[in-house]
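Below: the structure, in structure tokens.
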């Protein structure tokens with residue numbers, strides 16, 4: 714994008730959700746799952762606790778922002794041996 | 205033969221002095237390797253000790269892995285140099301892909317600090333050669349993130365490939381590690397990681413001197429390597 718004669722890169726918000734791969738025990742999620750029925754929510758299952766990472770990234774377009782954040786996930790933000798991630802760009 | 209062992213120090217490392225002390229009891233020279241220096245200073249073996257490197261932020265070992273010293277440690281390890289990660293050091297070596305698998309938060313979600321019994325699964329390795337197969341070692345653990353995990357097919361490969369070197373004895377698994385795995389090595393058998401702290405078990409005064417056998421194994425292995 715160009716404002717006057719200065720090139721300004723758009724800034725995108727990235728929302729990264731990191732969670733354990735299926736099959737990996739999640740004791741925090743299991744504990745919450747056992748606590749909810751005590752409050753009357755007997756219809757709850759599949760509680761999993763992960764983490765959220767928010768960041769902004771300057772990039773020429775949304776696709777390039779997404780590609781960069783995916784790469785950050787592969788290299789640092791998630792450990793592919795134990796974690797899956799999901800990136801939402803806005 | 206004088207054996208020189210490098211002991212890596214990150215911001216947050218806190219077991220380096222005990223590792224030095226353990227080696228010095230065996231007449232082995234040690235040298236601290238600062239995380240910001242991209243060199244292992246020509247040492248014969250490298251130990252990545254325990255602690256909380258870079259505050260354990262994001263995941264244990266995740267940030268430390270990118271330190272300049274880890275570049276040098278990677279080259280040392282890939283050239284066949286004996287390399288050991290203890291506790292947080294084990295986590296760092298897994299994150300650096302020098303060892304398979306990963307360490308997850310303990311199933312109890314609590315910090316555990318206690319003496320545990322380990323079983324030596326294989327005593328024919330550079331890291332266990334001063335032990336006997338099936339021998340029990342009394343060594344403490346102290347960690348929050350020590351649950352060893354590898355995907356099922358990889359865990360099978362570790363077991364069948366003889367890469368599991370130490371196991372928690374029955375009833376002693378403190379963290380929910382799959383297969384009671386306490387210590388593993390890489391396929392080339394020159395990189396070893398373990399959650400228990402042998403450097404805290406080097407004097408009967410503090411309950412056990414069994415940990416010395418791990419350090420004596422490393423010393424003897426390196427001495428043989430140098431002599432060749």
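Residue numbers (the numbering used here), protein chains in the order written: chain A, 714 to 803; chain B, 205 to 432.
Cβ atoms here follow ideal geometry from the backbone N, Cα and C, with glycine treated the same way.
8 angstroms Cβ cutoff, residue i in contact with chain A
i: residue 380/B; result: yes
i: residue 353/B; result: yes
i: residue 289/B; result: no
i: residue 303/B; result: no
i: residue 299/B; result: yes
i: residue 429/B; result: no
i: residue 263/B; result: yes
i: residue 306/B; result: yes
i: residue 266/B; result: yes
i: residue 322/B; result: no
i: residue 313/B; result: yes
Contacts around residue i, its chain only, beta-carbon distance under 6 angstroms, and the 5 residues preceding and following it disregarded
i: residue 349/B; result: 264, 307 and 309
i: residue 335/B; result: 324, 327 and 417
i: residue 428/B; result: none
i: residue 371/B; result: 323, 325, 384 and 386
i: residue 299/B; result: 265, 266 and 269
i: residue 288/B; result: 251 and 396
Own chain, CB closer than 8 angstroms to residue i, minus 5 neighbours either side, in chain order
i: residue 743/A; result: 760
i: residue 224/B; result: 211, 234 and 236
i: residue 316/B; result: 310, 345, 346, 347, 348, 350, 378 and 379
i: residue 272/B; result: 239, 240, 241 and 242
i: residue 430/B; result: 205, 207 and 248
i: residue 765/A; result: 728, 729, 730 and 731
Unbroken alpha helix (DSSP H) run spanning residue i, endpoints
i: residue 759/A; result: It is not in any alpha helix (DSSP H) - residue 759/A carries neither H nor E in the DSSP assignment.
i: residue 751/A; result: Neither: residue 751/A is in no alpha helix (DSSP H) and is coded neither H nor E.
i: residue 293/B; result: 292 to 299
i: residue 227/B; result: 220 to 229
i: residue 233/B; result: Taken as a continuous stretch (DSSP letters only), residue 233/B belongs to no alpha helix (DSSP H), being part of the beta strand (DSSP E) at 233 to 238.
i: residue 423/B; result: 416 to 431
i: residue 272/B; result: 272 to 282
i: residue 775/A; result: 775 to 785
beta-carbon residue i near the ligand SAH non-hydrogen atom, thresh 7 angstroms
i: residue 731/A; result: Among the ligands in the structure shown, none appear at all, so the ligand SAH cannot be discussed.
Any chain B beta carbon closer than 8 angstroms to residue i
i: residue 756/A; result: no
i: residue 801/A; result: no
i: residue 721/A; result: no
i: residue 794/A; result: yes
i: residue 768/A; result: no
Boundaries of the beta strand (DSSP E) in which residue i is found, first to last residue
i: residue 726/A; result: 724 to 733
i: residue 796/A; result: 796 to 802
i: residue 207/B; result: Taken as a continuous stretch (DSSP letters only), residue 207/B belongs to no beta strand (DSSP E), as it is neither H nor E.
i: residue 306/B; result: 306 to 308
i: residue 251/B; result: 249 to 252
Cβ-based neighbour list, residue i, same chain, cut-off 7 angstroms, excluding 5 preceding and 5 following
i: residue 222/B; result: 403 and 404
i: residue 376/B; result: 320 and 321
i: residue 369/B; result: 325, 326, 329, 331, 332, 387, 388, 389 and 396
At a CB distance below 7 angstroms, what residues from the stretch 730 to 752 of chain A approach chain C? Give them in sequence order. The displayed structure is made up of protein chains A and B, and chain C is not among them.
Of the residues that make up the stretch 409 to 427 of chain B, which ones have a beta carbon closer than 9 angstroms to any beta carbon in chain A? none
Short of 9 angstroms Cβ to Cβ, which residues in the stretch 358 to 388 of chain B face chain A? 358 and 380
Restricting to runs no shorter than 4 residues, where is the alpha helix (DSSP H) found entirely within the stretch 312 to 394 of chain B? 356 to 364
Using a Cβ cut-off of 8 angstroms, which residues of the stretch 206 to 236 of chain B contact any Cβ in chain A, in chain order? none
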